[in-house]
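All you need for our numbering is the position in the sequence shown, starting with 1, plus 42. Every residue gets a Cβ at the ideal spot worked out from N, C-alpha and C, and that includes glycine. A short worksheet on the structure shown next.
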Amino acid sequence: MARRTRTRHGVAAAGGCDDTDTVKLSKPAALFLAGLAVFMVFEWTMLAFNLAEGHPTAFYVVHGVLIGGNIVLAVVVAAIVWRAWAAERRRR
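Structure (structure tokens):
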């Protein structure tokens, strides 16, 4: 009969196997996410530099928020990729 253990999340795992604490990111997925992060930073930075003058203030506020939010998302995605690559190096 399979033994049940409690994980730190309160979910019972069968057979004492507790692999719910790690998520593995495949190399192709990590490369895609890294490319996406670089593209997001490049694209939104170029948009920030290319905004034409003569628009209402609200236009600049909205685009500033969009640019800032997307840069933050790009940094978060890059951090996830970095942690996945670091974990893979430690496993070797």
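- Separation of His105 and Arg134 (C-alpha to C-alpha, rounded to the nearest whole angstrom) is 44 Å.
- Looking only at Val80, Met88, Glu130 and Phe101, the smallest Cα-Cα distance to Leu115 is reached by Val80.
- Between Leu78 and Val119, the C-beta spacing is below 8 Å.
- Cβ atoms of Ile122 and Trp86 stay farther apart than 8 Å, at about 18 Å.
- Annotation for Lys69: the continuous alpha helix (DSSP H) segment containing it runs Lys69 to Asn92.
- Annotated three-state conformation of Glu95 is coil, per DSSP.
- Within its own chain, the residues whose Cβ lies closer than 7 Å to the Cβ of Ile109, once the five positions on either side in sequence are excluded, are Trp86, Leu89 and Ala90, listed in chain order.
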